[in-house]
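This report concerns only the one structure given below.
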Amino acid sequence: MHVGYRRVSSDDQSLDRQLDGVVGIERVFEEKISGAVRERPALKAMIAFVRDGDTVLVHSLDRLGRDLRDLLNVVEELNRKGVVVEFVTERLRFGTGEDDPMARLQLNCLAAFAQWERAISKRRQIEGIAVAKAKNPEKYRGRPAKIDVGRVKSMHKDGVGATAIAKKMGIGRASVYRVLNEPGYPHR
């Protein structure tokens with residue numbers, strides 16, 4: 003059986019381009035969660051689902067994991083089950099006895115570069131935030147909120163509870179309480 007695994011890091015990203023045009027995939031596991039997190043529900047379900055002789059197709063190395071050790075562990079775990087892992091973009095295939103030493107070297111090198119790139123990107127982000135805060139500490143507040151603060155306050159004024167507001171807006175209760183506990187907001 004050919005099984006697909008698709009992953010993006012956040013809800014506002016699209017899974018559509020991953021494995022687009024790959025024929026023969028019979029089952030797809032997908033999720034929207036950071037690759038840095040090892041406990042990914044769809045990944046766990048996919049690993050539990052596949053059997054000896056199956057092939058797992060993944061768009062690219064960084065979709066399966068960004069941490070080198072974790073990526074190698076996932077590939078090894080699948081290979082021990084007799085499952086072939088194929089990375090479509092890199093054209094790498096790892097399985098039981100059919101991969102060569104050069105492919106293993108490429109896997110290690112590409113995964114190491116992906117991890118390095120992620121670390122560099124995080125460092126640049128931290129440096130950029132520090133510069134923005136130093137230039138104008140009063141103005142810098144991080145990325146803009148995705149919560150409609152006016153709607154939260156309006157619903158609360160209409161007597162809707164925090165849990166109901168959170169459910170209706172598709173946000174966490176903590177986010178609702180954060181809005182309701184802002185300085186200057188009248189409490190009931």
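Quick note on our numbering: the sequence shown kicks off at 3 and runs consecutively.
C-beta atoms are modelled at their ideal positions from N, C-alpha and C, and glycine is treated no differently.
Every value quoted in this text rests on a predicted model; they were computed, and no experiment measured them.
Asked: Relative to the C-alpha of Arg175, which residue among Met3, Gly163 and Gly186 is closest?; Found: Gly163
Asked: Please name the residue in Glu88, Gln117 and Gln15 whose C-alpha comes closest to that of Arg106.; Found: Glu88
Asked: By how many angstroms is the C-alpha of Leu80 removed from the C-alpha of Pro43?; Found: 16 angstroms
Asked: What residues in its chain sit with their C-beta under 7 angstroms from that of Leu112, if we drop five residues either side in the sequence?; Found: Leu63 and Glu92
Asked: In terms of residues, what are the limits of the alpha helix (DSSP H) holding Val151?; Found: Val151 to Lys159
Asked: Enumerate in chain order the residues of its own chain whose CB-to-CB distance from Val77 is below 6 angstroms, with the five nearest sequence positions on each side excluded.; Found: Val87 and Phe96
Asked: May I ask you to verify whether the stretch 154-171 touches the stretch 117-135, counting CB pairs closer than 8 angstroms and requiring at least 3?; Found: no
Asked: With DSSP as the reference, label Glu79 as helix, strand or coil.; Found: helix
Asked: To the nearest whole angstrom, what separates the beta carbons of Lys34 and Gln20, a pair I think is in contact under 8 angstroms?; Found: About 12 angstroms separates the two Cβ atoms, so there is no contact after all.
Asked: Please look up how many angstroms separate the CB atoms of Val24 and Leu17, rounded, as I've assumed it's under 8 angstroms.; Found: The Cβ separation is near 13 angstroms, so there is no contact.
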